[in-house]
Structures are given as C-alpha cells and as structure tokens.
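**Student:** First the structure, then my questions, so here it is.
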Amino acid sequence: MSLRRTGPLWLGLLTALPAWAADPCDELPKPSVVVQRLDSVPALNLRYGYRALTALESPRARPGRQVLGLTRGTASVRFASTTPVIVSADGRWECGSPQITLTYGLAPLTVHVAREFPPDSCAYKVIHAHEMRHVETYQAHLAAIEPDLTATLNRRFTGGAPWRGPAGQLARRLQQELDTRWLPYVQREIAKVEVAQALIDTPEEYDRVANACDGEISKRLKADTALTP
Numbered sequence: 000m001s002l003r004r005t006g007p008l009w010l011g012l013l014t015a016l017p018a019w020a021a022d023p024c025d026e027l028p029k030p031s032v033v034v035q036r037l038d039s040v041p042a043l044n045l046r047y048g049y050r051a052l053t054a055l056e057s058p059r060a061r062p063g064r065q066v067l068g069l070t071r072g073t074a075s076v077r078f079a080s081t082t083p084v085i086v087s088a089d090g091r092w093e094c095g096s097p098q099i100t101l102t103y104g105l106a107p108l109t110v111h112v113a114r115e116f117p118p119d120s121c122a123y124k125v126i127h128a129h130e131m132r133h134v135e136t137y138q139a140h141l142a143a144i145e146p147d148l149t150a151t152l153n154r155r156f157t158g159g160a161p162w163r164g165p166a167g168q169l170a171r172r173l174q175q176e177l178d179t180r181w182l183p184y185v186q187r188e189i190a191k192v193e194v195a196q197a198l199i200d201t202p203e204e205y206d207r208v209a210n211a212c213d214g215e216i217s218k219r220l221k222a223d224t225a226l227t228p
C-alpha cells in the first residue's frame, strides 16, 4: 500500500491589521475532502496450474484442499494533499486549509483459474463463477465503506476553522497525521472484507465445485495425481 502527498503549498502573507479587521485566514478556501474509489476490474490469469495456485494460497488454503481458482487483490490507498497557507507579516505563524483527496481500492485485482481446466470446459465455467463471487464481494465491500470513509474524514478535516501554528509546520503536521492515523485506518477498513470472503469458501462450496460437471473436476485431479511420481 502507498501514500503520496502531491501539490505545492500556496503561500500568502498576513499583514498587520487592527483588531476590528476581518481575520485574514478567512480568505483561505474551505478545507475539503474528496474520496475516490478505484474501479476494481479484474484481470484473468490462466497461466498457473492448481498446484501453483495452492502454493500461492498457502497457508490460507484448507488442509487437503486443492486450489482450483484464486482471486487476489492488492489494496491501494493514496492520499494527495495541498495546503493553501497564509503567513503572518512577521513570519512567525501561519494558517492553512487542507485540501485532501483519498483514492482507494484494489489494484491490481486478478482472477486465476487453474490451467488444467480450459475455458471451453464445464469445470472452467464453474470455477470461474465461484471466483467472480469473490470479485463481487470485493467490489460490494469497497462501495459499502465509501460513505463511512467520506464522513469520517470530513468530520476530521472540514468541520472547523483553518489550521494555525508556527510557520512552516502545518503541511508537515498534516502529512504526519495522514501517514500515522488515516492510512492505517483505511487499510483496516478494506481488510474487513476478508470476513465476507471466508463465508464463500465453505467446505460445502468446495465439495459442490469439486463434484460439479458430473465429477469432471474430481476425475481430472485424480488422474493428475495418479500420473504424478
């Protein structure tokens, strides 16, 4: 997973104003948060045999089970930010307005089907359909967490006055908070999908797939095992 901050600081200068004058920091744009969800369009990979897929899934694979298909996604979380800043005339303090964009999703997202089962076979269609349930679960979860991510970040960054502090420190404070608090938070929210994914790979579902297509999958695995020294 990665976090990136892009964009320069926008600098202004605060002049000395009488007490009755408007707060110069009011000239800053309002703080903002934009949340963007990556389109999780899966790539299809048919290069690996079931033994290689089983090794890729180990140690998560159930003991004694062969992995015939596999869906793998890499969580991607990126924060980009710019901070318009106004600096006091004496250069000692500044106020800033965070402008934050969160982009999150799964990239890449890949569906594997064991190469022992060609695309025109019944077995391939059953295995591929099972893996697409995983894809749909990923996509539904990413969509489901978007409102909470948006609301949580808005509560933190857009509900108050501009940030104020010693000159030259606001952008660093923002970056540190994104790194240490909000990047792990988004990662944890994405990872919660594993609970739903585990509910798909039940023993009953393994047996259903293995015995589909008049036992084509079980026969193929038994024949392959018999040929293996």
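Residues 0 to 228 (numbering that gives the first Met the number 0) are what the sequence shown spells out, left to right. Using N, Cα and C, we set each Cβ at its ideal position, and we do this for glycine too.
Identify every run of the beta strand (DSSP E) within the region 141–178, keeping only runs that are complete inside it and at least 3 residues long; order them along the chain.
**Tutor:** Runs found: 162–165.
**Student:** Using only the alpha-carbon positions, how far apart do M131 and V110 sit?
**Tutor:** Answer to the nearest angstrom: the Cα atoms are 8 Å apart.
**Student:** Take the Cβ of L182 as the centre, count every other Cβ of all protein chains shown within 10 Å, and call the residue buried at 16 or more, exposed below.
**Tutor:** It is buried - the Cβ of L182 has at least 16 other Cβ atoms within 10 Å.
**Student:** Give a yes or no on whether the C-beta atoms belonging to V76 and Y103 are separated by under 9 Å.
**Tutor:** Their beta carbons are under 9 Å apart, which means V76 touches Y103 by this criterion.
**Student:** Which value, in whole angstroms, describes the spacing of the CA atoms of R64 and R50?
**Tutor:** Answer to the nearest angstrom: the Cα atoms are 10 Å apart.
**Student:** For P28, which residues of its own chain have a beta-carbon under 8 Å away from its beta-carbon, when the five flanking residues on both sides are left out?
**Tutor:** These residues qualify, in order along the chain: P83, S96 and Q98.
**Student:** The alpha helix (DSSP H) that contains L55, what's its start and end?
**Tutor:** It spans Y49 to E56 - the alpha helix (DSSP H) in which L55 sits, taken as one unbroken run.
**Student:** Measure how close the beta-carbons of E215 and C121 come, nearest whole angstrom, since I'm counting them as under 8 Å.
**Tutor:** Their Cβ separation, rounded to whole angstroms, is 6 Å, which keeps E215 and C121 in contact under 8 Å.
**Student:** Check C24 in the structure and name its three-state DSSP category.
**Tutor:** Of the three classes helix, strand and coil, the one that applies to C24 here is helix, per DSSP.
**Student:** For my contact list, T100 and A79 are in at a C-beta cut-off of 8 Å; report their separation, rounded to the angstrom.
**Tutor:** Contact flag correct, Cβ pair sits at about 5 Å.
**Student:** Could you tell me which residues DSSP pairs with S39 in its beta bridges?
**Tutor:** Paired residues: none, contrary to the question.
**Student:** Who are the Cβ neighbours of E145 in its own chain at under 8 Å, not counting the five residues just before and after it?
**Tutor:** Answer for E145: V34 and R36, listed in chain order.
**Student:** What's the call for Q175, buried or exposed, on a 16-neighbour Cβ count within 10 Å?
**Tutor:** It counts as exposed.
**Student:** So who's on the other strand from A79, going by DSSP bridges?
**Tutor:** Bridge partners of A79: T100.
**Student:** In whole angstroms, what is the alpha-carbon distance linking E193 and Q186?
**Tutor:** Straight-line Cα distance between these residues: approximately 12 Å.
**Student:** Are the CB atoms of H140 and I85 within a distance shorter than 9 Å?
**Tutor:** Going by C-beta atoms, I85 is not nearer than 9 Å to H140.
**Student:** Rounded to whole angstroms, what's the CA-CA distance from P161 to L55? Just pull it up for me.
**Tutor:** Roughly 49 Å between the two C-alpha positions.
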